[in-house]
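Heads up: the structure comes next, in structure tokens.
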């Protein structure tokens, strides 16, 4: 099993709030630094308390950093306040022979922070893909030699495509992402209650059918 806790999102949404964080980054930077440090340590202590359990195979850390076109705060803030803690969580997992998987919604490509996530934090796998930002097939082509890829079926398409189009879409993902390994098919984000059950089952069926027999449609 995997264990998880949020760090950046908890500070952003619960401890300081969006508006609070954005103002305090300029008005009270020392306070912001202390909040990140205190909560970062609490998350670390939690991971440390469970990572040695035999049942735990990985830390699956979820922390959304952005939205459709950018990160929520500047790359400098992420590098100063967020990535050093993620790096500690990843190192903790690796010290125990476990994996560190990272879920992150938002555009982490335009600013280049995806390189920090892969090379500095040293994640083992990345999850959360939206076709409007970067399709999973493009991610696999760019970064698949350095990090494993989890998920990829865009939530909008999973919700709205007809059966034939959805099956074709999922087969294309499998055909382009499975070669070379280090890929696991699933939805690009958590399954929401608006996803038709039939479409969810289609995704599972197509994953089990791959590779398609020669001559099948």
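Numbering (the numbering used here), first residue to last: 0 to 216.
We treat Cβ as the ideally placed atom computed from N, Cα and C, and that holds for glycine.
Keep in mind it's a predicted model, so treat the numbers as computed, not measured.
Inset, instruction - Evaluate residue 11 with the Cβ neighbour count: other Cβ atoms within 10 Å of its Cβ, from every protein chain shown; 16 or more gives buried, anything less gives exposed. - result: Here residue 11 refers to the residue found at position 12 when the chain shown is read from its first residue. By the 16-neighbour rule on beta-carbons within 10 angstroms, residue 11 is buried.
Inset, instruction - Return the chain-ordered list of same chain residues with a C-beta closer than 8 Å to the C-beta of residue 111, the five sequence neighbours on each side being excluded. - result: Locating residue 111 in the chain shown gives position 112, where the first residue counts as 1. The beta carbon of residue 111 sits closer than 8 Å to those of 74, all from its chain and outside the five residues before and after it, given in chain order.
Inset, instruction - State yes or no: is the C-beta of residue 58 within less than 9 Å of the C-beta of residue 9? - result: Here the question's residue 58 lines up with position 59 in the chain shown. Here the question's residue 9 lines up with position 10 in the chain shown. Cβ atoms of residue 58 and residue 9: not closer than 9 Å.
Legend entry - Spatial neighbours of residue 56 in its chain, beta-carbon cut-off 8 Å, leaving aside the 5 residues before and after: In the chain shown, residue 56 corresponds to position 57, counting from 1. In its chain, beyond the 5 residues on either side, 0, 1, 97 and 98 have a beta carbon closer than 8 Å to the beta carbon of residue 56.
Inset, instruction - Could you say which of 105, 134 and 51 lies nearest to residue 95 if we only look at CA atoms? - result: The count along the chain shown starts at 1 and reaches residue 95 at position 96. Checked all of 105, 134 and 51; the closest Cα to residue 95 is 51.
Inset, instruction - Please work out which residues of its chain come closer than 6 Å, Cβ to Cβ, to residue 26, disregarding the five sequence neighbours upstream and downstream, and give them in chain order. - result: Here the question's residue 26 lines up with position 27 in the chain shown. If you ignore the 5 residues before and after residue 26, its C-beta comes within less than 6 Å of no other C-beta in its own chain.
Inset, instruction - Compare the beta carbon distance of residue 153 and residue 130 with 9 Å and say whether it is the shorter of the two. - result: Here residue 153 is taken as the residue at index 154 of the chain shown, counted from 1. Here residue 130 is taken as the residue at index 131 of the chain shown, counted from 1. By the CB criterion at 9 Å, residue 153 and residue 130 fall inside the cutoff.
Inset, instruction - Confirm, please, whether the CB-CB distance from residue 142 to residue 172 is below 9 Å. - result: Residue 172 sits at position 173 when you count from the first residue of the chain shown. Residue 142 sits at position 143 when you count from the first residue of the chain shown. Going by C-beta atoms, residue 172 is not nearer than 9 Å to residue 142.
Legend entry - Nearest-angstrom Cβ-Cβ length linking residue 146 and residue 187, presumed shorter than 8 Å: Along the chain shown, one-based indexing puts residue 146 at 147. Along the chain shown, one-based indexing puts residue 187 at 188. About 16 Å separates the two Cβ atoms, so there is no contact after all.
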